[in-house]
Amino acid sequence: MKISYIFDEALSGFRRNPVASFSSIVSITVSLLLIGLFAIFSIKISNLIETVKHAVEFEIFLQDNVDSQMREAIREKIASFDEVDSVKFISKDDAAKIFKEEFGEDINTILDFNPLPASFKVTLKSNCNTPSKAEELNQKISSIDGVEEVVYRKDLLRFIDQRANVLSIAGILLGVFLAVSSLVLVSNTIRLSIYAKKKNIRTMELIGASRWYIRAPFLVGGILQGLIGGFLAAIFIYALEKFGTPYISQELKDFFKIPPEFYFVIIIMGILLGLIGSGIAIKRYIGESFSK
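Residues 12 to 303 in my numbering are what the sequence shown spells out, letter by letter.
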């Protein structure tokens, strides 16, 4: 089979149905553009969420009668929990210094003594900073002898977790909707090409042409539509990054920086949309053409 024949026939489908082909390419371009932008936004927000969640610390306040030996035992016990990433001891004097830095007053001068308890600051591992895992850790630490109180931002973790779930669901729904819309348009475009060559397809079948020989041009036509759509979407996203970021702060530039491989993924997604869309049309409509 000549490769030139396949591409000539595939391109002839563009010439026979320019409006449908154009609509299909535009649909793929817009879909991938929106999917790409939303994916970038979702990934960056997810990274930001993980950073914020990792910054949520547990403060474990110790009872006043805890001596150095008991304190070390408590530290080792806390550090042994799977959820714990790091443990830092804050002495009563350290707590007084932190109070002075934050409020500008010396607690010893105000009260003539230091009422602030010694404590541990604990950070969680990245895969354990969920509301449920944090609450499990809270229960385990609270049950340790010598621990007076455990404080952490339970409300913040719950809020972040809920918003992250909403963002994930919205991204999946948007991606599915846009992908299905593109598949329908690609499939319809290939269907028009199939019906335009219905007699030729029937003739080729009668003279013994293989199914692959008949189907290949339509399959390549769909792939070309997806390739063009993916390439255009990648160009638009690159243009937005190139010409949009000079007008924002350096922090936002770093936030919206797009890795080079992302553009390759967009183009591959376009090819896959074209391939699947044309495959659906070929499987459905060429079978009908053979029998009629």
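Don't be surprised by glycine CBs; every beta carbon is placed ideally from N, CA and C.
Subject >> Chain-order list of residues whose beta-carbon lies under 6 Å from that of Ser198 (same chain, five-residue window excluded) >> reply: Gly288, Ile291, Ala292
Subject >> Cβ-based neighbour list, Ser34, same chain, cut-off 7 Å, excluding 5 preceding and 5 following >> reply: Leu196
Original post:
In three-state terms, what does DSSP make of Val98?
Top reply: strand
**OP:** Taking Glu94 and Lys136 to be in contact with their CB atoms under 8 Å, please state how far apart those CB atoms are, rounded to whole angstroms.
**Re:** 6 Å
Original post:
With 16 as the cutoff for other CB atoms within 10 Å, does Lys208 come out buried or exposed?
Top reply: buried
Original post:
In terms of residue numbering, what span does the beta strand (DSSP E) encompassing Ser8 cover?
Top reply: The structure shown has nothing for residue 8, since the chain only spans 12 to 303.
**OP:** Find the nearest neighbour of Ser38 within the set Ile218, Leu238, Ile60, judged by alpha-carbon distance.
**Re:** Leu238
Original post:
Per the contact definition of three or more C-beta pairs closer than 8 Å, is the segment 65-75 in contact with the segment 162-182?
Top reply: yes
**OP:** Have a look at Phe114 and Ala107 and give me their C-alpha separation to the nearest angstrom.
**Re:** 10 Å
Subject >> Straight-line gap, Ala244 to Leu73 (C-alpha atoms, nearest Å) >> reply: 57 Å
Original post:
Would you say Pro126 and Asp172 are within 7 Å of each other, going by their C-beta atoms?
Top reply: no
Original post:
Helix, strand or coil: how does DSSP classify Glu160 here?
Top reply: strand
Subject >> Inter-stretch contact at 8 Å, needing at least 3 Cβ pairs: the segment 43-52 / the segment 173-190 >> reply: yes
**OP:** Keeping to the same chain, check which residues put their C-beta closer than 6 Å to that of Asp117; ignore five residues upstream and five downstream.
**Re:** Lys111
**OP:** Assess, as a yes-or-no matter, whether the segment 216-228 is touched by the segment 245-256 under the definition of 3 or more beta carbon pairs within less than 8 Å.
**Re:** no
**OP:** Pull up the CB-CB distance for Ser102 and Ala84, whole angstroms please, since I reckon it's below 8 Å.
**Re:** Actually they are not in contact, since the Cβ atoms of Ser102 and Ala84 sit about 17 Å apart, beyond 8 Å.
Subject >> Residue from Ala21, Ala31, Phe124, Gly157 whose Cα sits closest to the Cα of Val77 >> reply: Gly157
Original post:
Can you name the residues that DSSP bridges to Ile71?
Top reply: Phe131, Val161
Original post:
What is the rounded straight-line gap between the Cα of Tyr224 and the Cα of Tyr274?
Top reply: 32 Å
**OP:** Please check if any C-beta of chain B sits within less than 7 Å of the C-beta of Lys64.
**Re:** Any reference to chain B falls outside this structure, which holds one protein chain only.
Original post:
Do you know offhand how far Asp104's Cα is from Thr134's?
Top reply: 21 Å
Original post:
Which residues mark the beginning and the end of the alpha helix (DSSP H) in which Asp93 is found?
Top reply: Looking at the DSSP string, Asp93 is not in any alpha helix (DSSP H), and its letter there is neither H nor E.
Original post:
Given Gly24, which residues of its chain have a CB within under 6 Å of its CB, disregarding the five upstream and five downstream residues?
Top reply: Ser204, Gly232
**OP:** Given a cut-off of 7 Å, decide if Ile155 and Lys88 are closer than it, judged by their beta-carbon atoms.
**Re:** yes
Subject >> Own chain partners of Gly214 with C-beta closer than 8 Å, once the 5 adjacent residues on each side are dropped >> reply: The sequence as given places Thr at residue 214; Gly does not occur at that position. Correct list: empty, nothing qualifies.
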